[in-house]
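Chemist: So for the sequence shown, the numbering used here puts the first residue at 5; every next one is plus one.
Backbone N, C-alpha and C fix where the C-beta goes; we use that ideal spot for every residue, glycine too.
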Amino acid sequence: MAAAERGLARNSIDAYRRDLACFAAHLRPSGVALAHADSASVRNFIAAQRRSGVAARTASRRLSCLRQFYRFLLTDGRRDDNPTATVDSPALPRMLPGVLSEEEVERLLTAACPEVEAAGTSSKREADGFRLRAMIELLYGSGLRVSELVSLPLHAVSAETRSLLVRGKGDKDRLVPLGAPARRALDEYLAVRARHLVDGAPSRWLFPSRGASGHLTRHRLAQMLKALARDAGIESSRVSPHALRHAFASHLLANGADLRAVQKMLGHADIATTEIYTHVLDDRLRRLVEGGHPLAAAGRERSSG
5 MAAAERGLAR NSIDAYRRDL ACFAAHLRPS GVALAHADSA SVRNFIAAQR RSGVAARTAS
65 RRLSCLRQFY RFLLTDGRRD DNPTATVDSP ALPRMLPGVL SEEEVERLLT AACPEVEAAG
125 TSSKREADGF RLRAMIELLY GSGLRVSELV SLPLHAVSAE TRSLLVRGKG DKDRLVPLGA
185 PARRALDEYL AVRARHLVDG APSRWLFPSR GASGHLTRHR LAQMLKALAR DAGIESSRVS
245 PHALRHAFAS HLLANGADLR AVQKMLGHAD IATTEIYTHV LDDRLRRLVE GGHPLAAAGR
305 ERSSG
């Protein structure tokens, strides 16, 4: 059902398989089969997960998997109830820790491709810098997932491209914006892309490499960003492909973007997922009140008087 009807990606299906196996292992000492577990068993499982140090978000994801599994059994006529219906999800933190500031993103972009000196600069190093800056611009300027970024085909970007057609989770396509800075960074990278081709052989990928996949991997990009963070004077643990996607959404909302528009650009199926970024709205709303409300203005006058 997950693969054929919902079209979930392989990574998601593998994660569901692991979550079900984890619950089955929890049930094994009691002799209860996975298909016959009751609500108490599910509650005990989630509580045991939390006691063992599993993060609330991971426990919540495992409960979500169980909900879908038992909903499927109920719909398929294999059970007459859903034991997860009365089980509460673990409380999740609503704040995003350590969102990169706009100034920090600028420092990363500058460090990725510093001014080239007239002599003594390797053209391969220069090409690497243009590639890294283009990838940062796409993560931060378009909100791509890292898996979407590294697997972009070359034909996704043409001279006239002002948006990208991206294949996201569940093989669902969406259009994402391609702003002027990202467009310029891509043009600079495309001019030197040939230096990243393997033995000069053509590649269908926008970011080719020698790996088995034929394109730069998520792991390698994460390594490159950690090294770049150190060059930019930023704590490396705070910089990752996903941190740049976080920054994309947080900075858009902080500057007045509509939550539904951000949801669409991020490719979130449920707006509740996008709402974790609304923590940035508190400061913006406070500034709006302080700057525009007549009582706030009167308060400032009394203070100065």
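Using the Cβ count rule (16 or more neighbours within 10 Å means buried), how would you classify L169?
Modeler: When all chains shown are included, L169 counts as exposed.
Chemist: What are the start and end residues of the beta strand (DSSP E) that includes R55?
Modeler: No beta strand (DSSP E) contains R55, which is instead part of the alpha helix (DSSP H) from 43-55.
Chemist: Measure the C-alpha to C-alpha separation of V150 and L143 and round it to an integer number of angstroms.
Modeler: Cα to Cα, V150 sits roughly 7 Å from L143.
Chemist: List the DSSP bridge partners of V170.
Modeler: DSSP output for V170 lists R178 as bridge partner(s).
Chemist: Quick check on A241: buried or exposed, where buried means 16 or more other Cβ atoms within 10 Å of its Cβ?
Modeler: Inspection of the sequence shows that residue 241 is occupied by Ser rather than by Ala. Under this definition S241 is an exposed residue.
Chemist: Just to confirm, are L104 and A251 a CB contact at a threshold of 9 Å?
Modeler: The answer is yes: Cβ separation under 9 Å.
Chemist: Going by DSSP, what residue range makes up the alpha helix (DSSP H) through T62?
Modeler: Start and end: 60-79.
Chemist: Using the Cα positions of E239 and R65, report the straight-line distance between them to the nearest angstrom.
Modeler: Each residue's Cα considered, the two are about 29 Å apart.
Chemist: Would you give the residue range spanned by the alpha helix (DSSP H) that N15 belongs to?
Modeler: Counting along the chain, the alpha helix (DSSP H) containing N15 begins and ends at 14-31.
Chemist: Of the choices A6, F27, S162, whose alpha-carbon is the least far from that of I17?
Modeler: The option with the nearest alpha carbon to I17 is A6.
Chemist: For E272, which of helix, strand or coil comes out of DSSP?
Modeler: What sits at residue 272 in the sequence shown is His, not Glu. DSSP places H272 in coil when its eight states are reduced to three.
Chemist: With DSSP as the reference, please indicate the residues paired to P157 in a beta bridge.
Modeler: Partner(s): W209.
Chemist: From S43 to T90, what distance separates their C-alpha atoms?
Modeler: Distance between the alpha carbons of S43 and T90 is about 7 Å.
Chemist: For L179, does the count of other Cβ atoms within 10 angstroms reach 16, so buried, or fall short, so exposed?
Modeler: L179 should be labelled exposed.
Chemist: Please report the Cβ distance between A138 and A189, rounded to the nearest whole angstrom; I am assuming they are in contact, meaning their Cβ atoms lie under 8 Å.
Modeler: About 4 Å; that satisfies the 8 Å criterion.
Chemist: Does the beta-carbon of H223 have 16 or more other beta-carbons within 10 angstroms, so that it is buried, or is it exposed?
Modeler: Looking at its Cβ environment, which holds fewer than 16 other Cβ atoms inside 10 Å, H223 is exposed.
Chemist: Who does H219 pair with in a DSSP beta bridge?
Modeler: According to DSSP, H219 bridges with P212.
Chemist: Where do the ends of the alpha helix (DSSP H) carrying V109 lie?
Modeler: Note, V109: alpha helix (DSSP H), 106-116.
Chemist: I'd like to know whether the C-beta atoms of R197 and R264 end up nearer to each other than 9 Å.
Modeler: Contact: no.
Chemist: Among residues of its own chain, excluding the 5 on either side of G124, which ones have a beta-carbon nearer than 7 Å to its beta-carbon?
Modeler: Confidence in G124 is poor, its pLDDT being 45 and thus under 50, which makes the residue's placement unreliable; the coordinate value appears in the next sentence. Excluding residues within five positions, none has a Cβ falling inside 7 Å.
Chemist: So for S34, helix, strand or coil by DSSP?
Modeler: Residue state, collapsed to three classes: helix.
Chemist: Taking the Cβ atom as the reference point for each residue, do K128 and R214 lie within a distance shorter than 9 Å?
Modeler: No, the Cβ-Cβ distance between K128 and R214 is not below 9 Å.
Chemist: Are A41 and P94 touching if we call contact CB-CB under 9 Å?
Modeler: The answer is no: Cβ separation not under 9 Å.
Chemist: Contact check, S167 vs L156 under 8 Å by CB: the rounded distance?
Modeler: Incorrect: roughly 13 Å between the Cβ atoms, too far for contact.
Chemist: On a CA-only basis, which of Y281, P245, L225 is nearest D262? Give me that one, please.
Modeler: Out of Y281, P245, L225, Y281 has the C-alpha closest to the C-alpha of D262.
Chemist: Using 8 Å for Cβ pairs, my map puts E106 next to H246. What's the rounded Cβ distance?
Modeler: The pair is not a contact, with the Cβ atoms about 18 Å apart (cut-off 8 Å).
Chemist: Among the residues of its own chain, which have a CB less than 8 Å from the CB of H24, if the five just before and after it don't count?
Modeler: Inspection of the sequence shows that residue 24 is occupied by Leu rather than by His. Cβ within range, chain order: L38, C69, L70, F73.
Chemist: Can you tell me where the alpha helix (DSSP H) holding R188 begins and where it ends?
Modeler: Run containing R188: 184-196, per the alpha helix (DSSP H) assignment.
Chemist: According to the neighbour-count rule (16 or more other Cβ atoms, all chains shown, within 10 Å of its Cβ), is H159 buried or exposed?
Modeler: Result: exposed.
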